[in-house]
Amino acid sequence: MSSKRIKSLLVLVFSLFLTAFANNAFAQDHGKESHEAKAEEKLNMKEVIFGHIMDGHEFHFFGASLPLPVVLYSPQKGFSCFMSSKFEHGHQEVDGYNLVKGKVVPVDASVKVYDFSLTRNVVQMILALVLLLWIMISIAKKYKQGQGVTTAPKGMQAVIEPVVTFVRDEVARPNLGEKANKYLPYLLTIFFFILINNIFGLIPGSANVTGNIAFTLVLGVISFIVTLASSNKHYWAHIFNPPGVPLGVKFILVPVEFLSMFLKPFSLIIRLFANMVAGHIIIICLISLIFIFGEKMGAGAGWGASPLSLAFTIFIYFIEVLVAFLQAFIFTTLTAVLVGSAIEGDHSHDEAHAAHH
């Protein structure tokens with residue numbers, strides 16, 4: 048019975064996704080036709096793809112737009128606050144500003160502007176943060192009340208507790224040893240924060256936050272700072288004076304080790320960004336095949352390509368659900384590995400202590 052409900056839910060999600068994409072992909076084109084009085088406008092795949100994976104000043108749900116606040120500051124003009132709908136998709140100037148390819152730019156090039164707008168990436172990150180806090184605080188209150196301690200965990204506890212245990216036993220302890228509990232709150236935070244944003248990104252009309260290089264850059268920089276803050280003399284000795292290496296080789300190895308200190312967190316940034324962007328682009332391209340065939344070869348070809356296109360889209364969507372969990376796990380694991388390498392000088396003590404017990 049539960050499997051039937053899950054299948055029905057998945058069918059509903061896919062139907063909503065396809066409907067939302069079809070409406071959103073061409074709603075802006077329809078608006079351009081009315082403004083520019085074009086009799087016919089061809090499908091621009093570049094605009095469709097980047098319009099869905101890039102940041103923006105509005106959400107699109109089933110053909111309807113949800114405008115977001117635009118907050119600007121200019122030393123010459125002061126603050127300007129208004130809703131993004133006033134731009135009318137870039138066809139209307141507001142307070143001396145215009146919307147060009149999703150970015151607010153001043154009409155006068157000599158005017159300097161700082162954009163503090165609540166874009167859809169920012170709004171979605173705030174929603175993800177609120178959801179994460181609500182889940183964790185509500186679960187913590189239940190533990191304080193004794194539920195899950197003296198009795199079996201129930202509800203959300205039963206869902207979250209195995210994940211926390213998994214991150215603790217399979218990520219933190221193998222890489223951090225006795226210091227696992229010290230870094231476990233940070234590892235759990237980045238795991239659930241990335242996971243929630245990954246899942247939000249699969250909802251039709253939402254923003255692809257983890258597919259934004261700025262988002263992954265901040266996470267990577269934080270992991271880099273935590274790694275440096277956790278480092279000890281053994282970590283730096285392995286970089287600048289590798290033990291057991293001939294002197295001639297050290298002149299080559301030391302620069303490589305020093306660069307790898309920066310390249311490792313950089314790989315975290317690129318890996319998460321590339322994987323999340325790639326999945327969304329593939330889904331959009333597969334759905335767009337229907338409209339491309341319809342535009343190039345007629346409506347019959349578009350309808351004929353629909354079954355195969357939808358089948359591949361559903362297949363990729365299932366993979367993206369798996370990737371959402373997998374990328375959160377990989378980022379958390381590699382962060383634990385980086386921090387573990389920074390405290391590796393204490394491993395001998397930890398192993399001896401564990402062997403003694």
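Counting in our numbering, the sequence shown runs from 48 upward without gaps. Even for Gly, the Cβ is constructed at its ideal location relative to N, Cα and C. Quick caveat, the model's predicted, so the values are computed rather than measured.
Quick one: Cα of residue i to Cα of residue j, how far?
i	j	result
H281	T257	34 Å
F240	A227	19 Å
V154	G137	12 Å
L385	N145	44 Å
Y230	A219	8 Å
V152	L174	27 Å
E391	Y233	19 Å
G202	I186	9 Å
L275	D142	46 Å
S112	S335	21 Å
G387	P221	9 Å
Y364	L357	10 Å
Do residue j and residue i count as a contact pair if the criterion is CB distance below 9 Å?
i	j	result
H327	I184	no
P23	S127	The question about residue 23 has no answer here: the residues shown for the chain are numbered 48 through 404.
T406	I329	It is not possible to answer for residue 406, since the shown part of the chain is limited to 48 through 404.
S277	L381	no
V211	L180	no
L266	I243	no
A383	L223	yes
P116	F106	no
Q194	P200	yes
Which residues in the same chain as residue i place their Cβ atom closer than 6 Å to its Cβ, once the five residues preceding and following it in sequence are excluded?
i	result
F359	L333
S353	I337
For residue i, collect the residues of the same chain with a Cβ closer than 7 Å to its Cβ; drop the 5 residues on either side in sequence, then sort them by chain order.
i	result
N259	D102, N168
G341	A348, G349
F305	I286
V214	L234, L235, F238, T379
Q139	K133
Keeping to the same chain, check which residues put their C-beta closer than 8 Å to that of residue i; ignore five residues upstream and five downstream.
i	result
N245	T257, M323, V370, A371, F372, Q374, A375
Y190	V196, Q204
Tell me which residue opens and which closes the alpha helix (DSSP H) that residue i is part of.
i	result
N255	Element bounds for N255: n/a, residue is neither H nor E.
Touch check for the segment 161-173 and the segment 109-127: three-plus C-beta pairs under 8 Å? yes
Does the segment 288-306 touch the segment 319-326, meaning 3 or more C-beta pairs lie closer than 8 Å? no
Does the contact criterion of 3 or more C-beta pairs under 8 Å hold for the segment 304-319 versus the segment 346-359? no
Does the segment 243-254 come into contact with the segment 269-277, if we say contact requires no fewer than three beta-carbon pairs (one atom in each stretch) closer than 8 Å? no
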